[in-house]
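K.L.:
One structure follows; several queries about it will come next.
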Amino acid sequence: MELNIKTLYLIGAIVTVCGAGAALLTWYHHRDAPGLRAWTAALLLTSLGALILRLQTSQADLTLALVADMVIVSGFACMWLSLRFDNHGRVDLLRLILLSITVSLAFLALFVVLRAIGAGRQAAAIPFSLFLGLLGLACAWEIWQGRHKDQLSSRLPAALAFVGLGIARVIRAGVLGFEVLHLLPRGAAAATHPYTLYATIVFTLVVTYGLVMMASEQAGRREAAQFTKA
743 MELNIKTLYL IGAIVTVCGA GAALLTWYHH RDAPGLRAWT AALLLTSLGA
793 LILRLQTSQA DLTLALVADM VIVSGFACMW LSLRFDNHGR VDLLRLILLS
843 ITVSLAFLAL FVVLRAIGAG RQAAAIPFSL FLGLLGLACA WEIWQGRHKD
893 QLSSRLPAAL AFVGLGIARV IRAGVLGFEV LHLLPRGAAA ATHPYTLYAT
943 IVFTLVVTYG LVMMASEQAG RREAAQFTKA
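Numbering (the numbering used here), first residue to last: 743 to 972.
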């Protein structure tokens, strides 16, 4: 099956915006639902990053690409930190923002290193996919760890979706890196990109659905408890 990369980017943009809207609407009705507000922020920052990329006047304009990548990375870092803080019963918005910015600066530092050692055009793409992959896997871990607090069965599909998203991005980073090291033939990254992008879009949608399921299950349990007391 041949996947058109431009069509996938368009579908990805639609899924991201609609996912952000669904997450925000669900959070509005379930303010204490785990991860929804942060996931909304992550998706909105991803949309902002994509919009910034559209402002590029040429492929050689790295500045806007780096800014866009840093915005998206900080959004996923915000999601991970929000879940981690929630699991530890901490509420510190300023610290969360500062740590998210720190993660995006770490991405920038890795870009500078790769650029210096001759990674060329892939100097930004490799750490971008690597950071998104690792942050996705970290989100999966925190969602799964949260089961000790609320025992929500819907945490499993949400965690598995983050695992899938993380693996897809790590594979993308690996293929890019192996191509730079000449361990894979030239063009391998371009050939596999549509499939990892497709997986990313699908798992982004499933993550959103999983978080909405968690909010619904939590609300259902609360209503059942209130009904029992009545």
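We treat Cβ as the ideally placed atom computed from N, Cα and C, and that holds for glycine.
These numbers were taken from a predicted model, which means no experiment stands behind them.
#1: Consult DSSP for SER871 and reduce its assignment to one of helix, strand or coil.
#2: Going by C-alpha to C-alpha distance, which of ARG914, LEU778 and ALA900 sits closest to GLY952?
#3: Hey, ALA966 and ALA941 are a contact pair by Cβ (cut 8 Å); roughly how many whole angstroms apart?
#4: Considering only the beta carbon of each residue, do ILE943 and GLY754 sit closer than 8 Å?
#5: I'd like to check one pair, PHE873 with VAL815: are the Cβ atoms closer than 8 Å?
#6: Where does VAL917 fall in DSSP's three states?
#7: Buried or exposed, going by whether 16 or more other CB atoms sit within 10 Å of the CB of ASP774?
P.N.:
With the given structure in hand:
#1: helix
#2: ALA900
#3: Actually they are not in contact, since the Cβ atoms of ALA966 and ALA941 sit about 36 Å apart, beyond 8 Å.
#4: yes
#5: In terms of Cβ geometry, VAL815 and PHE873 form a close pair [threshold 8 Å].
#6: Here VAL917 carries a helix assignment [DSSP, helix/strand/coil].
#7: The residue is exposed, with fewer than 16 neighbouring Cβ atoms inside 10 Å.
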